[in-house]
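Undergrad: Top to bottom, those sequences are chains A and B.
When we follow this note's numbering, the leftmost residue of the first sequence carries the number 1, and every step to the right adds one.
When we follow this note's numbering, the leftmost residue of the second sequence carries the number 1, and every step to the right adds one.
Where is the CB? At the ideal position from N, CA and C, for every residue including glycine.
Just so it is clear, the structure is predicted and the values come from calculations on it, not from any experiment.
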Amino acid sequence: MLNAAGTAVVEARDVTVAIAGRPVLRGNDLTVHEGEFVALMGANGSGKTTLVRALTGLRPLTSGSISLFGTPLAEFHEHQRIGFVPQRGTVTGGVPASVREVVASGRVTRRGLLRPPGRADRAAIDDALQVVGLADRAHDGISTLSGGQQQRVLIARALAGKPDLFFLDEPTAGVDLPNQQALADALRTLSERGATVVLVAHELGPMAPLVDRAVVMRDGRIDYDGPPLSEDAVHGHHHPTPGSHDHVPYVGSPLDSLEGGR
Amino acid sequence: MNLIDLLGFEFMQRALLAALFTGLAAPAIGTFLVQRRLSLLGDGIGHIAVTGVALGLLTGTSPTWTAIVVAILGAVMIEVIREHGHTNGDVALALLFYGGLAGGVLITGLAGQGANKLQAYLFGSITSLSDVDVWFTLALAVVILMVTLGLLPQLFTVASDPEFAKVAGLQVRFYNLLVAVLAAVTVTVAMRTVGLLLVSALMVVPVATSQQLARSFRTTLAGAMAVGGVAAVGGLLIAASFPAETTVAPGPTIVLLALAMFASTWPIGVWLRHRRHVRAPFPAVPPLAEAEHTHEMTPEEHAHVHGDDCGHPAVAHGDHVDYVHDGHRHAPHG
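(1) Go ahead and pull the three-state DSSP assignment for A263/B.
(2) Got a sec? Which residues, its chain only, sit under 6 Å from T209/B by beta carbon, not counting five neighbours each side?
(3) For a cutoff of 9 Å on Cβ pairs, would you count A291/B as touching chain A?
(4) At the level of alpha carbons, what is the spacing between A139/B and S128/B?
(5) Flag I82/A as yes if its beta-carbon sits less than 9 Å from any beta-carbon of chain B, otherwise no.
(6) Please identify the residue among Q35/B, F9/B, R37/B and A49/B whose C-alpha is closest to the C-alpha of V199/B.
(7) What span of residues does the beta strand (DSSP E) with I82/A cover, start to end?
(8) Among residues of its own chain, excluding the 5 on either side of R100/A, which ones have a beta-carbon nearer than 7 Å to its beta-carbon?
(9) May I ask you to verify whether the stretch 86–96 of chain A touches the stretch 165–174 of chain A, counting CB pairs closer than 8 Å and requiring at least 3?
(10) Give me the residue from P116/A, S143/A and L177/A with the minimum Cα distance to L149/B.
(11) Under 7 Å, CB to CB, which of the residues in the stretch 152–182 of chain B have a partner in chain A?
(12) Work out the CA separation of Q212/B and N2/B for me, nearest whole Å.
(13) Should R82/B be flagged as near chain A, meaning a C-beta pair shorter than 9 Å?
(14) Going by beta-carbon coordinates alone, are A186/A and R152/A separated by less than 9 Å?
(15) Determine the extent of the beta strand (DSSP E) in which D29/A is found, giving its start and end residues.
(16) Under 8 Å from any heavy atom of the ligand ZN, does the C-beta of L178/B make it?
(17) How would you call P209/A, buried or exposed, if buried means at least 16 neighbouring beta carbons within 10 angstroms?
(18) In chain order, what residues of the stretch 118–136 of chain B put their CB closer than 9 Å to some CB of chain A?
(19) Taking the C-alpha atoms as reference points, what is the distance between G261/A and Y250/A?
(20) Assess, as a yes-or-no matter, whether the stretch 53–60 of chain B is touched by the stretch 165–182 of chain B under the definition of 3 or more beta carbon pairs within less than 8 Å.
(21) Relative to the C-alpha of F21/B, which candidate in V305/B, I126/B and R37/B has its C-alpha closest?
(22) Between which two residues does the alpha helix (DSSP H) harbouring G64/A extend?
(23) What residues in its chain sit with their C-beta under 6 Å from that of L122/B, if we drop five residues either side in the sequence?
(24) Are D127/A and R107/A closer than 9 Å when you measure CB to CB?
(25) With 9 Å as the threshold, decide whether the Cβ of G150/B is near any Cβ in chain A.
(26) For D161/B, count neighbouring C-beta atoms within 10 Å of its own C-beta (all shown protein chains included) and say buried if the count is 16 or more, exposed if not.
(27) Pull up the DSSP beta-bridge partners for G226/A, would you.
(28) For the putative contact between M225/B and A28/B, defined by C-beta atoms under 8 Å, what is the C-beta separation to the nearest angstrom?
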């Protein structure tokens, strides 16, 4: 555990979401404490992305309640405390944008309307670019970056607003290993600074040492909630037992062990 | 009479002023439309605004005001259709556009006005602007510029990533509607300069031109405004410089000049993009053959005998075969 668990920053009670009449999340309870690094995992369609979108307010609930930092989601207006990193599908628009501009758009949570950018804004953007390791590409167009680098820019964008709570939706999807390592390093820095991280992932890869808690979902329900399981524990690894292989069923007595008497 | 004499006339000075401000304001909002891949929105609003102009001609009120009202209503309707995202949303939009144009022409006939009156609105008649028209154009253009540039961070965030903007607390629907309303106002402002059917060109072509050379959003926006201003004023001057016998309409001249500017920057853009791809040669890497293999020999208790069908993957390694197992590979020695 990188951080000692603190107050509850995310409290979800009986979260139920139905999309077009089809139940996607069925009555889930989840509490995330300050400083935790939670990985939401599960097969496709298990509801993990929907749960994170419900926690950020992008997906309305059919029933249940969500509180962030002790405030119900409907009354929550401290958006600068939340950083959201979506999947990088539409980071490039019709008009070119430089890496620095995309990261700067993360400062809207801290900048008031009609206020010119100040020193704090510039410092936060520089810091965010340093953390993800893209300070040398600040003035390049976002479309000239590789997929993994674009994902790092999106993390920098969320970081620029200096939030306390991060939600990341599959940050390593389709990202090559060096960039996954860079992403994991950036997330380690975030966690060391005391932020709470909730991320959706299929496989952890280089992020595995960072995860305090794995929440595994299946069919819209939380199936497992605890320390992350190692590869061995999940998939197991058994040597094939030596011995003859009859093609007749083994009939044993209650005194025999299950391994066929060896 | 030559161009210099023409510039002494007040109508010409008014026209130049209106052209300049239109050329600055239209690409400002056009950049956001292109960013959200809604480049044809200006065209659609222009079609719908034809009905607004016709209603003004029918009722005897100022066609500009009725055009603004109808354009804003149409823009809001388009934005609502787009937001709900029905699969046949583009059919709904097409129906709106055709209905607007056809309705406008029909109502103009009902109003007893000829096609000539409507042509002034369809293709622009910048040389027939009154003082009030010019002040109106200037005021609207200033409003458009102030809102677009003042809310640039918020508009950029909403245009580039609506979901991130929503989680960041921005009222996404409000900003999208604001862009739609500003586009409607821009269409009405540009109506007298280039006409309703060509207004989208002044919103989009300068952005396309600026995109060829710019790498950032702000540079694209500034460049688009510059190209728009040059094209509008330059097109008007070119049209005015022809002798009086040939009718050179200013509206189409402005649009064609903008297109010529795009055509001239496009090869530069191709060259710049090509240069970026050849940016840096690959760094020197030591050849792979020199990399060392650590080759451990461990006395290991291993009851299982590896062979052709032991069930473990086999990898050729030099003069022998390794078996992959437990995260390492090994082969029996000696």
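TA: Concretely, from the data shown:
(1) Taking the second sequence and counting its residues from 1, one reaches residue 263/B at position 263. A263/B falls in the helix class under three-state DSSP.
(2) Numbered from 1 along the second sequence, position 209 holds the residue referred to as residue 209/B. Correct list, in chain order: V227, M261, F262 and T265.
(3) Locating residue 291/B in the second sequence gives position 291, counting from the first residue. Bear in mind that a pLDDT of 47 at A291/B, under 50, signals an unreliable position, so the number given afterwards is only what the model happens to contain. It does not; no Cβ of chain A falls within 9 Å.
(4) Within the second sequence, the letter at position 139 stands for residue 139/B. Within the second sequence, the letter at position 128 stands for residue 128/B. Their backbone Cα atoms lie some 18 Å apart in a straight line.
(5) By 1-based counting over the first sequence, the position of residue 82/A is 82. It does; some Cβ of chain B falls within 9 Å.
(6) Numbered from its first residue, the second sequence carries residue 199/B at position 199. The shortest C-alpha separation from V199/B is found at A49/B.
(7) Residue numbering aside, residue 82/A sits at position 82 when the first sequence is read from its first letter. First-last of the beta strand (DSSP E) with I82/A: I82 to V85.
(8) Walking along the first sequence from the start, residue 100/A turns up at place 100. The answer, listed in chain order, is I125, A138 and H139.
(9) yes
(10) Taking the second sequence and counting its residues from 1, one reaches residue 149/B at position 149. L149/B has its Cα closest to that of P116/A, out of P116/A, S143/A and L177/A.
(11) P153, Q154, F156, T157, A159, S160, D161, E163, F164, K166, V167, A168, G169 and L170
(12) Here residue 2/B corresponds to residue number 2 of the second sequence, with the count starting at 1. Here residue 212/B corresponds to residue number 212 of the second sequence, with the count starting at 1. Going by the C-alpha atoms only, they are around 36 Å apart.
(13) Along the second sequence, read from residue 1 onward, the residue named residue 82/B stands at position 82. Not one chain A Cβ lies under 9 Å of R82/B.
(14) As a first step, residue 186/A must be located in the first sequence, where it is residue number 186. As a first step, residue 152/A must be located in the first sequence, where it is residue number 152. Yes, the Cβ-Cβ distance between A186/A and R152/A is below 9 Å.
(15) By one-based count along the first sequence, residue 29/A stands at place 29. Start and end: R22 to H33.
(16) By its list of ligands, the structure shown contains no ligand whatsoever, and the ligand ZN lies outside what it can speak to.
(17) To locate residue 209/A, count along the first sequence from 1; it is residue 209. That one is exposed.
(18) none
(19) For the purposes of this step, residue 261/A is taken as residue 261 along the first sequence, with counting starting at 1. For the purposes of this step, residue 250/A is taken as residue 250 along the first sequence, with counting starting at 1. Residue placement at G261/A is flagged as unreliable, the pLDDT there being 48, under the threshold of 50; the coordinate-derived value follows with that caveat. Approximately 10 Å between the Cα atoms of the pair.
(20) no
(21) By one-based count along the second sequence, residue 21/B stands at place 21. Minimum Cα distance to F21/B is reached at I126/B.
(22) As a working note, residue 64/A is residue 64 in the first sequence. Where G64/A is concerned, there is no enclosing alpha helix (DSSP H), although the beta strand (DSSP E) it sits in stretches over S63 to L68.
(23) Translated into positions along the second sequence, residue 122/B becomes position 122. Here the set comprises G195, L196 and L197.
(24) Along the first sequence, read from residue 1 onward, the residue named residue 127/A stands at position 127. Along the first sequence, read from residue 1 onward, the residue named residue 107/A stands at position 107. No, these two residues do not count as a Cβ contact at 9 Å.
(25) Your numbering for residue 150/B matches position 150 in the second sequence. At least one chain A Cβ lies under 9 Å of G150/B.
(26) Taking the first residue of the second sequence as position 1, residue 161/B is located at position 161. So D161/B ends up on the buried side.
(27) Indexing the first sequence from 1 puts residue 226/A at position 226. According to DSSP, which records beta bridges pairwise, G226/A is partnered with A214/A.
(28) Here residue 225/B refers to the residue found at position 225 of the second sequence. Here residue 28/B refers to the residue found at position 28 of the second sequence. 6 Å between Cβ atoms; contact.
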